[in-house]
Amino acid sequence: MHVLISGVLRLLRVGLRRQEFEPLPVPAQFLHQVVDLLGAAVDFAASPLGRGV
1 MHVLISGVLR LLRVGLRRQE FEPLPVPAQF LHQVVDLLGA AVDFAASPLG
51 RGV
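Quick note on numbering: UniProt numbering labels position 42 of the sequence shown as 42, and the sequence is numbered without any gaps.
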């Protein structure tokens with residue numbers, strides 16, 4: 001599951017970098033930060049500390 005979520009977040013990051021979309025109502029930098037934060041949360045949840053081991 002972690003690999004799937006990480007892959008989706010990676011695709012979002014690549015899409016944001018290429019900016020192959022119409023201008024969004026929020027700044028692209030904010031979206032980058034949200035995607036990075038989600039990626040960090042997923043990585044933490046998959047780590048031994050996040051699993052409570």
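Note that the Cβ used here is the ideal one computed from N, Cα and C, for glycine as well.
Secondary structure of G52 (DSSP, three-state): coil. Per DSSP, reduced to three states, the secondary structure at S47 is coil, with no helix or strand assignment. Inclusion of G39 and L9 in the CB contact set at 7 Å is warranted, their separation being smaller than that value. The beta carbons of L12 and V42 sit about 12 Å from each other, so the pair does not count as a contact at 8 Å.
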